[in-house]
Each structure stands twice: as structure tokens, then as C-alpha cells.
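What follows is a set of notes on a single structure, which appears directly below.
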């Protein structure tokens with residue numbers, strides 16, 4: 427019941443890695459919003475593997491077919507549905523998953539949850555492949571937000587402890603993120619690629635961290651309590667496989683700051699209200715304060731590694747050694763950058779649609 | 427629209443800090459679940475200020491009045507509603523909030539969002555006081571989970587960078603958390619209290635981090651994608667004021683681990699399937715794997731400090747100096763420990779109710 | 427889980443007939459909407475029993491206490507909560523309900539559903555008393571709709587087969603409904619009162635039908651498929667006890683009309699688009715077309731009658747004769763008129779809030 | 427936002443009549459439920475036009491392609507998605523819809539609601555064609571209910587005032603409904619077909635009424651207030667185009683019954699609790715009482731008729747005469763019979779999944 431997200435819009439994602447197709451439906455989108463297909467495809471291409479030497483050669487075709495909801499380049503008000511047919515698989519790579527779960531994957535938990543009936547091939551519905559339809563929906567939302575002057579951009583913060591520069595929390599320089607490898611500092615990017623190559627050659631994998639910024643959000647977006655920007659972004663971002671941490675603004679650093687250090691004082695700048703610092707990451711009480719929204723996402727190293735690992739046979743209830751074969755990404759962080767942007771775009775656009783406030787006290 | 431949480435159960439929280447009452451409704455709870463009122467009150471007392479010398483003397487009465495949903499000590503199947511009447515306020519402490527927002531609070535964002543109509547006194551609906559009804563609902567869910575053999579406990583991990591021991595991720599020692607001050611290591615606790623006292627004397631505040639563990643969760647709880655345990659716990663925990671980070675298992679450390687280090691290998695132990703390590707924090711693909719669930723929550727230092735701060739006058743659109751008067755907690759982390767337990771209990775119990783799987787392949 | 431209604435707003439109703447209090451929370455209402463308490467109380471008084479000789483002498487006090495959400499006569503953006511304390515009960519009237527269910531009431535179904543733990547006194551959560559908090563929420567929504575030029579009014583169509591005039595479907599004359607007894611034709615009203623009195627003297631009860639109209643709804647309100655005006659109004663109206671039928675426009679008569687008879691042709695009138703007839707009841711494809719919305723609600727005769735009836739003992743699983751004692755309404759239709767208006771107001775106001783369409787093709 | 431239905435399951439329907447494809451996603455279905463594709467196709471065929479001489483020759487291919495959610499004949503726990511590609515259209519039949527709305531259709535309301543951006547061809551998202559994906563979801567739910575011993579069946583009650591026999595409310599004879607023409611009394615069926623043929627030759631259309639029964643529902647299914655069986659069935663059934671009335675049990679007849687006539691007294695029959703009559707239609711307080719559930723649905727005559735009608739030009743804001751060309755059903759009631767069954771099956775299966783009650787008082 428929970429491959430569904432949203433309050434004003436309703437995003438529904440379906441598909442298994444080796445099923446006929448994966449896709450999404452997006453309901454509740456107003457009519458008349460323009461859609462640029464080339465821009466959308468370019469956004470999806472940032473996610474697809476097999477594009478660069480630093481990701482897996484297993485080539486996924488992320489070219490969606492829109493079944494409904496669009497007419498002559500505009501949303502028509504009816505639910506938007508898009509599918510991507512699966513055509514490049516090697517199911518032989520995934521034998522034995524039902525009985526010997528791979529460490530770090532959802533094989534075991536899904537096997538038990540679904541009573542032995544889950545479609546385990548390729549990770550089934552839990553595969554990273556399902557971030558493709560998330561990117562379709564998010565790519566569309568990104569465009570609609572940009573038309574409102576709201577821009578979202580992310581970059582790799584760290585891979586395997588090797589760091590990029592951070593965004594300037596007062597004015598994140600989204601346009602400075604590299605097109606080919608999503609970092610601000612190209613040299614840091616080269617070090618990261620070297621770490622990834624090293625991991626690949628060792629048959630191991632590395633994790634990392636992604637930083638995302640949202641610029642131009644007007645003041646007052648977000649709902650109280652469980653509908654705040656942090657609640658919503660965290661809820662959707664944790665739907666991306668491998669995410670193990672989400673923090674906003676100064677994040678976990680707040681735990682060692684004092685109030686006088688952490689509070690963002692208000693100032694006037696060019697006739698607008700701003701804050702002198704931005705430890706809040708643009709959010710107070712779950713609601714936007716007009717400063718850039720910033721958050722970081724920790725992604726664990728991909729679980730599929732070549733080294734022999736210990737598993738169990740569910741039928742025998744006994745230990746088994748397991749070696750995962752096949753072609754695997756040693757690091758999914760670079761490909762996950764657009765996925766994080768997509769997730770944020772969906773959450774923010776949903777909150778924009780939910781904003782019903784019109785009265786203003788004179 | 428978003429002071430509401432849950433899919434199978436529906437929790438709705440209402441109230442403003444200086445309004446007539448705060449409270450909650452909890453719909454969708456099965457009938458026949460026993461409720462121990464003394465145990466619930468003891469749980470609520472862990473949250474209330476004015477209980478100890480290390481929190482604010484402003485005494486809140488967290489004694490709820492149940493209006494519906496319970497009969498002779500059992501849930502009766504109808505929605506459960508409870509209120510706490512506000513009676514100990516000093517509204518004079520909060521003058522001027524409408525025009526000069528306090529840094530770090532939601533004054534500014536709520537003022538703009540609600541067009542000038544918000545009830546700003548005491549922080550209104552954004553006040554930490556609203557964690558009391560969350561604790562009523564969570565305290566009830568904690569009891570019902572315990573009847574199923576699922577236990578939740580949390581402790582202070584750090585205050586102002588000063589650390590307690592962490593839970594043993596393989597077997598969190600919930601019973602070892604101090605009753606008076608929620609830490610595992612009493613000496614660390616004394617250091618923390620000293621830090622808090624120092625902050626109080628300086629008219630400043632300190633932040634911290636809370637670690638929470640869930641023991642006894644059966645395998646298979648959690649829904650795919652946006653309904654996973656991380657998604658749900660993060661969504662509700664970010665509804666607690668001052669939370670700026672939530673991480674699971676190894677959390678942000680995964681960013682510098684390799685796959686071979688991070689993967690939890692499977693083992694057999696006493697005829698049961700376990701993992702040799704628990705970097706996953708008990709969750710794979712959003713679903714429980716039978717190991718303890720562990721997560722950490724970063725809380726920023728309370729924004730109300732005595733020092734003069736910079737604000738703006740919304741009417742004049744010009745800078746103003748601001749001094750927050752009144753009695754304030756220099757650190758809310760100790761009081762937030764039961765709140766985090768409550769939030770986790772609600773999210774987990776909701777997922778338990780959502781678990782409709784019955785078929786098992788022979 | 428389903429004493430909750432709404433998509434943009436969230437209405438939650440709680441309480442049992444003999445519990446401490448009944449009430450409601452209403453989340454998602456924009457701030458700055460004025461509330462007229464006298465007008466609200468007058469609306470609630472239309473529902474309360476004991477006001478007139480044609481209803482039960484059991485006097486309910488429908489005076490709500492607002493706990494949150496309002497400030498100085500305006501909504502403040504936070505959830506609105508209101509309670510009505512129960513103080514005039516005669517629980518002795520309801521002995522034996524747990525074992526011998528009263529025919530026509532929810533005693534049996536709730537007893538089984540809740541495993542024997544339901545609060546059966548007075549009908550518990552299924553009592554008609556729970557229409558009082560529905561009227562609080564609906565009374566508020568009615569006021570906010572009126573501020574937008576949208577008016578809702580209902581009258582008794584029939585009682586025990588004795589008919590009032592119907593509204594003019596082209597221009598329902600809401601203001602002509604009697605204040606004391608809600609009919610258009612006072613003489614029909616007198617006949618109806620006579621039928622009710624006759625039923626009372628026989629210890630029996632009578633049913634009836636209510637017609638409701640909504641005037642001034644702009645074109646385009648309503649969502650496709652399951653979110654259309656009919657879907658939403660029917661969903662909430664069937665939450666009123668005793669409702670057994672809901673029809674829109676020509677309703678069940680459409681079954682014997684031809685297309686040429688039923689289609690409402692379009693015309694121009696004073697520069698506006700209208701239809702020449704209104705068999706559609708103002709709704710096409712679930713969406714308002716600018717004509718008055720009309721619907722009728724069938725209400726069964728109140729099940730509590732004095733005559734001996736046949737029941738069973740659930741413990742003995744054997745037949746029992748049963749006589750319901752106590753003071754009961756011989757007809758709830760007159761009191762249900764404001765309840766139907768309240769339900770419609772909530773559904774319509776929710777749809778108004780959901781209307782996010784802004785783009786218009788040039 | 428509202429082509430989505432369900433609380434425990436989530437049904438999402440997409441597609442426009444002349445778009446690339448129509449389809450549905452169904453999330454929240456447990457794994458391990460068998461699916462019989464032949465049975466499903468036979469169910470869908472009952473809906474498709476062009477099967478018999480009494481419906482339109484425009485042939486729709488209702489053969490769904492399942493993209494996800496099923497594996498080797500069983501549900502796998504992941505969302506189920508199915509599409510039907512559109513391939514037999516004559517878009518020339520629908521010129522001019524954007525400017526001159528057809529009376530009785532949703533052309534006008536959707537045109538205004540969507541600011542001129544709606545996909546109007548063939549009725550767009552409001553076309554009766556969208557009942558095909560509803561039947562896919564409902565056909566699956568019907569099978570799963572049958573495996574639990576719950577059977578759903580419907581028949582034509584009336585067409586153009588010409589009546590079939592009604593179901594026996596104490597034991598609806600589902601198996602007696604004709605396979606070729608869904609009536610109980612074949613002679614009545616012949617009269618109905620004659621009425622339809624007469625309407626066709628006149629270029630007009632006729633409406634009718636459908637009666638539906640649910641047998642074998644255990645006691646206790648349904649949620650209080652807005653989640654009752656009537657609320658849920660009505661909400662989904664009103665999502666079927668042309669529905670203008672839904673009534674349960676004795677329906678609108680209750681308005682002229684007394685309590686002594688309407689109350690269903692309890693009896694013991696073969697050791698089970700039953701009622702002597704079934705005016706309640708198997709539902710008390712929104713919850714099943716173990717008796718057959720019965721409801722009737724009124725469907726208006728199809729709006730597309732050949733006769734000249736009056737419309738307006740939206741651009742000129744002036745009257746226009748309009749003649750609808752093309753091939754149209756003179757009566758959709760026979761084809762709507764499986765659609766009503768499908769809708770009921772989805773609503774009931776959703777309530778079955780929501781039933782979390784386990785405790786029983788000893």
C-alpha cells in the first residue's frame with residue numbers, strides 16, 4: 427500500500443526489476459502546465475547506468491512512454507501515466523535469491539513479508555531500477571517548479587569519505603555542479619572516480635553522501651507537524667534504496683552547537699527579510715522561511731559485491747556461503763543525484779499544491 | 427492538513443500552547459486492547475517540565491482527560507480522544523511575537539503562512555507543548571506493542587558533544603537507561619547536566635542527539651518505498667520540534683564504509699536467522715529483518731535564549747534588536763527522549779496494523 | 427479508521443453517546459476565516475432534540491466548547507477542535523444491549539465487530555448524537571461557503587409518504603423553508619406533524635426523505651471519478667445514521683427517462699451559460715456546471731419503538747423477545763435536515779480547497 | 427487527485443478515451459493470491475461493447491496487459507499495474523467538443539475545470555471507456571472475495587421502466603442471472619431489448635436501474651461513520667459515469683415505512699443469527715450483519731443521441747444547435763452490470779483488508 431506518495435498530488439510507482447515494465451501514475455496535477463520532453467529525457471539520462479565508465483555496463487533504457495495525462499505538450503488535468511518497458515536483463519545473474527538472501531539487499535525481508543511469493547529477480551520491486559519512474563515524476567515536477575522560479579539542484583558531497591565543497595548555504599551555486607560528474611570541485615571529482623575504480627577492481631563498493639538545495643521557495647510553504655518540509659522530504663527520500671540518513675541545514679552538527687551559535691538572526695537585505703546565517707536550512711517549524719533549503723542524504727555502499735559472503739539457506743535453515751555474480755555498480759551515488767532532486771521536487775510541488783492560504787490581515 | 431499521521435490508524439493532534447486545551451484523537455485502533463493508566467501517566471511524566479532541576483521551572487500539567495474510546499480499561503473500537511487543559515501560562519512572556527519573530531522559532535514562517543492570523547502566543551501550534559498529546563498516543567501504542575513482545579527505548583546519545591555510550595546494536599540494553607536521567611553511563615549523565623547548567627547560567631542553550639532502539643519486531647513489518655520503516659519513522663519524528671536529522675543503523679557513517687564493511691552477513695543463532703553485524707539498523711528495503719531497529723535523532727539547541735538577538739519588525743520592515751524574556755529550557759533533549767519513543771511507537775504500531783499478509787507458500 | 431473524512435481538510439469525529447464527551451477536529455482550514463458563534467449555535471439548535479413538541483423530550487445540550495483553532499473570531503490556521511460534554515443521560519434505558527441487540531440498530535454488528543468490547547450504551551459511537559459534532563464542522567463550513575456566495579439549504583421532502591413541495595430545480599427557494607418546521611408548504615408540515623404524533627402515540631416511528639440544494643457553486647468544482655461531487659456527498663451523507671438512499675438531480679427517475687428527455691440543453695441567460703432543465707442536479711462528470719446542485723436523502727424510521735420485537739441472546743444463541751424502553755424520537759427527519767446541510771457543506775468546502783487549477787488557455 | 431480509491435488498498439485509474447492507453451494500478455494487495463486470467467477475461471468481456479447486437483458496433487478491445495504485480499499466476503505483493511492500449515477509435519466523430527459542449531456529457535464542466543486544456547476527444551478521462559480498468563481491478567477483487575466465500579452478482583432491475591424480478595433479499599439467486607442478457611426473467615429481458623432497439627431506431631437512448639447483491643460477507647465488515655459499507659460503495663459507484671442514484675436495502679421505500687415495518691427482527695436459523703426480513707440490505711451502522719447486502723443503482727440514459735440539441739459556443743457565448751454524430755450505445759445498462767459488480771468488489775475487498783480486529787472477550 428505504500429508505493430504511493432502525496433496529499434494533493436498522488437504518485438503511484440509500480441514495477442519489478444525483471445517484470446514487463448516499470449512506471450508511475452501522477453494524479454492531481456492541474457491542467458495547462460507545459461512539459462518539455464527533451465529536458466525530461468536529459469534529466470532521466472543523468473540517472474541511467476551505462477552512460478559513463480564509472481558506472482555499470484548494464485545498460486538500462488530510461489525512455490518513458492506516456493500513456494495519458496498530456497496533450498500537445500501540456501498537462502490535460504487527467505492522471506499522468508508513464509511506463510518504461512524492461513528489455514535489457516540477465517535473469518541468470520539472480521538465481522537462488524529465493525533461498526539464499528544476499529546480505530544488504532531486501533531479499534530476506536521481502537521473502538518473509540510476502541510469504542515466499544515475491545518476485546525476487548533483480549531485487550523485484552525493491553530494485554534501484556524503480557528510481558527511474560520516480561525520476562519521471564520528479565523531472566516533471568522540477569520543470570513546473572522552475573516555471574514558478576523554484577530551482578532544485580544536488581551534487582555529490584562525499585564518496586568514501588572523499589569530499590567535494592559544500593554549497594554556500596546563503597546562495598547555493600547550483601549552476602556550478604559539473605554536468606558530467608556532479609561535483610562542484612572537479613579535482614575532488616577525480617579523486618572520487620579513482621575511489622570508485624579502486625572499489626570496482628576489488629569487487630567491492632563504496633557509499634557516499636549527496637547534498638541538495640532548493641532555491642526560490644517562497645515563505646510559508648509546508649504544513650505543521652507531520653506535513654512539514656522535513657517530514658515530507660524525508661518520507662520520500664527514504665523511499666530511495668540505500669538511503670540511511672537524511673539531515674537538514676546544519677543537520678547532526680546542531681547537536682554540538684549552542685543556541686546563540688545555531689539561531690539564524692533576521693536581517694533586512696535589499697528590502698527583503700533574510701537570515702544572517704542558514705543553520706536552519708531554510709526551514710522553521712517545517713515551513714519555508716525564504717532562505718535556501720538544504721539537506722544531505724547518506725547512501726550506503728551498494729550491497730552487491732563480488733567477495734564471498736555469509737548467508738543462510740531459508741529452506742535448510744543453515745549457513746551458506748554466497749557469491750553474488752553479475753555486473754554491478756561499485757557506487758550508485760553519482761546516479762542517485764538526480765533521484766534525490768526528483769524526490770525533493772515531488773515533495774515540494776505537493777506542498778505547493780496544498781497551500782490554500784489566501785486571507786491576509788490588513 | 428498535516429497535524430494528522432497514519433495509514434491504518436489516524437492520529438490527529440490539535441491545540442495551541444496558550445489555547446484552551448491541547449489534545450489528540452486516535453482512530454482505527456482495534457477494540458479489546460488493555461490500557462494501563464498509571465503506566466501511561468508515568469510515561470507522560472518523563473516528558474513534563476518542572477520535574478527536575480535540569481529543566482524549566484515552568485510547570486506543565488500533563489494529565490490527560492480521556493473523552494472517548496476507552497471503556498473499563500480497554501479500547502472499545504471507537505476513536506480515542508484525550509485532552510489536556512492549559513492552566514499554567516504566562517502570556518506576558520510572549521508579547522510582540524506577531525511583529526518581531528524570534529530567531530530559530532516558527533514565529534516568522536507561521537506568521538507569513540497564516541496571513542497574520544496565527545495564534546502566536548507561546549509558539550501556538552508549533553510549541554513543544556504539542557509533544558504532550560503525541561506522547562499520549564505514543565504511550566498507548568508503546569503498551570500495545572509491549573503486549574506483542576515489541577519494546578521501544580531511547581536514551582540521550584550526546585548533549586553539546588558530550589557522549590553517552592551507544593546501545594549495543596546486537597542487543598540494545600533498554601533496561602539499563604537511567605530512570606532519573608535517561609543515559610546508560612551515569613557519569614556521562616553528570617557531565618551532560620553540568621553542560622546544561624552552564625548553558626542556563628549563560629542564558630544560552632545546548633542541543634544534542636537521541637538514540638532509540640526497537641526490539642522484538644518480527645520480520646516483514648514495513649511497506650515498500652514510501653511506507654518503509656525509515657520513511658514512516660522519519661516522517662513522524664520530524665514532526666517533533668527542533669529535529670534536524672534522522673539516521674538509521676550506521677547512519678551517515680555508511681558514506682565512508684565499503685560494501686564488504688557495511689553488509690550485514692546472515693548467520694544462524696539458536697535456530698533463528700540473524701545477522702553478524704547490524705549496520706542496517708534492523709531494516710532492509712524499508713522492512714524489518716528481525717534485528718534490533720536503531721535510529722538517531724539530532725535536536726537543535728532550543729531557540730529561546732536570553733542573549734540579545736537580531737530580528738526584524740514585520741510592520742516596519744526594518745531591523746530590531748530582540749531579547750526573549752521568560753523561563754526557558756536550556757536543553758530539551760532529556761525531555762524529548764520519551765517523545766522520540768512515542769513517535770516510533772505510533773509509526774511501528776501503524777505498520778503492524780497495515781500488515782495484511784497471510785498467505786505462505788508451502 | 428473511518429470516522430475521518432476529507433482530502434484537503436481532515437474532519438475527525440469522536441465520542442460515544444454515554445462517554446465523557448463527543449467532539450470533532452477539523453484540520454487543514456486556512457487561517458483568517460471569520461466565525462460567527464451565534465450563527466453557529468443557531469444552526470446547532472436546529473438539530474437538538476427537546477426543542478419542540480414533535481421531538482423527544484430527552485434534552486441534549488449542543489453547546490460546543492472550542493479548544494483550539496480559533497482566535498478572536500477567526501480561524502488561526504491550526505487544527506480546530508470542539509467538544510460537547512455529555513450530561514443528560516439515562517443509562518438505565520439501555521441495559522442488556524450487549525446480549526440482546528435491538529433490531530435496526532448497530533448493536534449486533536458493532537458487538538461482533540469489536541469482539542464484545544464496544545461501548546454499547548446509548549448506541550455508543552453509532553448514536554445519532556454523533557451528528558452534533560458533524561454539525562459543528564458543517565456549520566463552520568456553511569459560513570465559509572456563504573462568504574464565497576455559496577448557499578446550502580434543505581427541507582423535508584416527505585414524512586411517511588406525506589409530501590412537501592419540491593425545490594424549483596432552476597432556482598431553489600432556500601429562504602422559503604420554514605424556520606420552525608423545515609418545509610416549504612406549511613400545510614404539508616401540519617400533516618407531517620400529525621403523522622409523527624400518531625406514530626408516537628402508537629409507540630412506532632416513521633421515516634422520510636430530505637431534499638437539499640446548493641446554490642452559487644462556480645463551474646468546475648469536483649474531481650474526476652471517485653472524487654466527484656456525488657461520490658463525496660454520498661460518502662459523507664451515508665455517515666449519518668439511518669440513511670438508506672442518496673440520489674442526485676432527477677435521481678432514480680432517470681431510469682425511466684429517455685436521453686432526449688433527460689439531457690439538459692445549454693442556453694444563454696443574461697450573458698451566462700445555463701441549462702434549460704436541471705435533471706443533472708447541477709453535476710456532470712462529478713463536476714459542477716453552475717446550475718443548482720440538488721440531492722435527496724432517504725432516512726429509515728428510527729429503530730427504537732415500543733412494540734415488542736424479536737431478538738436473540740448472543741450468549742444463549744436463542745430467541746428472545748425484546749422491548750425497548752425509554753424516550754425516543756418517533757421521527758428524526760426534521761432534526762436531520764441541518765445534519766444533511768452540514769454534511770454537504772463539509773464535502774463541498776473540501777472540494778473547494780482541493781481546486782488547484784489556475785492556468786487558462788488564452 | 428481523485429481517480430484514486432481505497433484505504434488499505436489503493437486503486438489508481440488513468441487514461442483518456444483517445445489517449446495511448448487506459449489502465450490501473452492496484453497497490454496494497456497481499457502476496458500469494460491466485461489469479462485466473464481466463465476468468466478475468468470472461469468478466470471483462472461482459473462489459474465490452476460490440477459483443478451483442480443490442481450495443482454499439484464500436485468494438486473495444488478489453489484485453490489488458492499486466493505490467494507488474496503478478497508472478498506465475500499469483501500476486502507477488504508489489505503493486506499490480508495493467509494497461510489496455512486504445513486502437514479502435516474514430517476521432518472524427520468528436521470534432522468541435524472543445525467549443526460546443528454536448529448536453530449531458532462532462533464536456534462543459536471539464537472544459538472549464540481544466541482551463542481549456544482538457545483532452546476532450548471521446549469524452550477524455552470522463553468516458554465510459556474508463557470503466558474497463560475499473561473492471562480489471564474489480565474482476566481481480568471478485569476472485570479473491572470468492573476464495574473467501576463472498577460472492578457478488580448483479581442484474582438489470584429496470585430499463586426504461588420495464589422491470590425484471592428483484593433478487594430474493596433473503597437469498598439472492600445470483601446464479602439465475604442470464605449469461606447473455608443479465609436478467610432473472612428472460613421475458614422481461616426481451617421486452618427490455620425491444621425498448622433498446624426502439625430507442626436506437628429513434629436515435630434516442632434509455633436509462634435503467636441495476637440491482638447488486640453480496641452474499642457470504644461475514645458479520646462485522648465495515649468501518650464507522652464515513653467508512654461504512656454504504657459510504658464506500660456509494661463513493662466508488664458514483665465514479666461510474668451516468669450514475670444518479672444509489673440506495674441500499676429497502677432504499678427510498680424506507681421513507682414511507684414505519685419502524686415496526688422496517689426493523690428486521692433477529693431470529694435463529696440452523697444455529698446462526700439471521701434476520702426475519704432484510705430491509706436493512708445486510709448493513710447496520712455501516713457494518714455487515716451477515717444477511718445479503720443489496721443495493722440498487724440508477725443510471726441515466728446515455729447523453730449521446732442523434733436528435734438535434736441546443737448547446738452554446740463557449741468562444742462566442744451564444745446559442746448553437748448541435749447534432750452528435752457517430753456510433754453510440756442507446757443503453758449502457760446491460761454493459762454496466764459487471765462494472766457495478768467490480769466497484770462493489772473493490773470496496774468490499776478494501777474493507778476486508780482494513781479489518782484489524784482480533785481480540786474477543788472471553
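Residue numbers (the numbering used here), protein chains in the order written: chain A, 427 to 788; chain B, 427 to 788; chain C, 427 to 788; chain D, 427 to 788.
Backbone N, C-alpha and C fix where the C-beta goes; we use that ideal spot for every residue, glycine too.
(request) Out of C/471, C/464, C/746 and C/668, point me to the one whose CA is closest to residue 420 of chain C's CA. (result) Absent from the model: residue 420 of chain C. The displayed extent of chain C is 427 to 788, so no value can be given.
(message) In this structure, how does DSSP classify residue 576 of chain C when only helix, strand and coil are distinguished?
(response) coil
(request) List the residues of chain A that residue 684 of chain B touches, going by C-beta distances under 9 Å, in chain order. (result) Within chain A, the residues near residue 684 of chain B are 586, 625, 628, 630, 631, 632, 633, 727 and 731.
(request) Return the CA-CA distance between residue 770 of chain B and residue 712 of chain A, expressed in angstroms with no decimal places. (result) 19 Å
(message) With the cut-off set at 8 Å, would you say residue 675 of chain A and residue 706 of chain A are in Cβ contact?
(response) yes
(request) For residue 536 of chain D, write down the residues that DSSP places opposite it in a beta bridge. (result) DSSP, once it has assigned bridges, lists no residue as partnering residue 536 of chain D.
(message) So if I threshold CB-CB distances at 8 Å, which residues from the region 568 to 581 of chain D count as touching chain A?
(response) none
(message) Measuring straight from C-alpha to C-alpha, what distance separates residue 647 of chain B and residue 538 of chain A?
(response) 9 Å
(request) Using a threshold of 8 Å, state whether the C-beta atoms of residue 728 of chain D and residue 589 of chain D are closer than that. (result) no
(request) Compare the C-beta of residue 613 of chain B against all C-beta atoms of chain D and say whether one is closer than 8 Å. (result) no
(request) Go through its chain and collect everything with a Cβ distance to residue 563 of chain B's Cβ below 6 Å, but skip five positions before and after it. (result) 437, 450, 452 and 772
(message) The beta strand (DSSP E) that contains residue 503 of chain A, what's its start and end?
(response) Looking at the DSSP string, residue 503 of chain A is not in any beta strand (DSSP E), and its letter there is neither H nor E.
(message) Between residue 502 of chain B and chain C, is the shortest Cβ-Cβ distance under 8 Å, so that the two count as touching?
(response) yes
(request) Following the continuous alpha helix (DSSP H) through residue 463 of chain D, name the residue where it begins and the one where it ends. (result) Note, residue 463 of chain D: alpha helix (DSSP H), 463 to 471.
(request) Taking only beta-carbon positions, decide if residue 670 of chain C is within less than 8 Å of chain B. (result) Not one chain B Cβ lies under 8 Å of residue 670 of chain C.
(request) Note down, in chain order, every chain A residue with its Cβ under 8 Å from the Cβ of residue 531 of chain D. (result) Chain A residues near residue 531 of chain D: none, gap ~15 Å exceeds 8 Å.
(message) Counting C-beta neighbours from all protein chains within 10 Å, is the total for residue 667 of chain A 16 or more, i.e. buried, or is it exposed?
(response) buried
(message) Please report the straight-line C-alpha distance between residue 577 of chain D and residue 638 of chain D, rounded to a whole angstrom.
(response) 11 Å
(request) Please list, in chain order, all residues of the same chain as residue 739 of chain B whose beta carbon is under 7 Å from its beta carbon, the five residues on each side excluded. (result) 525, 526 and 746
(request) Return no unless some Cβ of chain A is closer than 8 Å to the Cβ of residue 650 of chain C. (result) So yes, residue 650 of chain C belongs to the interface.
(request) Check the Cβ of residue 447 of chain B against every Cβ in chain C and list those closer than 8 Å, keeping chain order. (result) Simply 493, 494 and 507.
(request) At 7 Å on the CB atoms, spell out the chain C contacts of residue 657 of chain A, in chain order. (result) Result: empty, since nearest Cβ-Cβ is about 15 Å, beyond 7 Å.
(message) So, at 7 Å on beta carbons, what are the nonlocal neighbours of residue 662 of chain C in its own chain, with the 5 sequence-adjacent residues on each side left out?
(response) 431, 769, 772 and 773
(message) Quick check on the burial criterion: 16 or more other C-beta atoms within 10 angstroms. Buried or exposed for residue 597 of chain B?
(response) exposed
(request) Please confirm whether residue 689 of chain A and residue 680 of chain A have their CB atoms less than 8 Å apart. (result) no
(request) Select from C/635, C/701 and C/737 the residue whose C-alpha is nearest the C-alpha of residue 683 of chain D. (result) C/635
(request) Using a Cβ cut-off of 8 Å (strictly closer), state whether residue 640 of chain D contacts chain C. (result) By this cut-off, residue 640 of chain D is not an interface position.
(message) Using DSSP's beta-bridge definition, name the partner residues of residue 430 of chain B.
(response) B/438
(request) At 9 Å on the CB atoms, spell out the chain B contacts of residue 544 of chain C, in chain order. (result) 457, 497, 502, 503 and 504
(message) Using 8 Å as the threshold, is the C-beta distance between residue 610 of chain D and residue 620 of chain D below it?
(response) no
(request) Consider the Cβ of residue 442 of chain C: report whether some Cβ of chain B lies at a distance smaller than 8 Å. (result) For residue 442 of chain C, the nearest CB of chain B lies under 8 Å from its own CB, placing it at the interface with that chain.
(request) Would you grab the beta carbon distance between residue 560 of chain B and residue 461 of chain B for me? Rounded to a whole angstrom, and I think it's under 8 Å. (result) With a Cβ gap of about 17 Å, residue 560 of chain B and residue 461 of chain B do not count as contacting.
(request) Under 8 Å between beta-carbons, which chain C residues line up against residue 743 of chain D? List them in chain order, please. (result) 694, 697 and 699
(message) Let me make sure I understand the geometry here. Which of A/783, A/552 and A/522 has the alpha-carbon closest to that of residue 531 of chain A?
(response) A/552
(request) State the Cα-Cα distance for the pair residue 522 of chain C and residue 722 of chain D, rounded to the nearest angstrom. (result) 35 Å
(message) With a threshold of 8 Å between beta-carbons, can residue 779 of chain A be considered close to chain C, or not?
(response) yes
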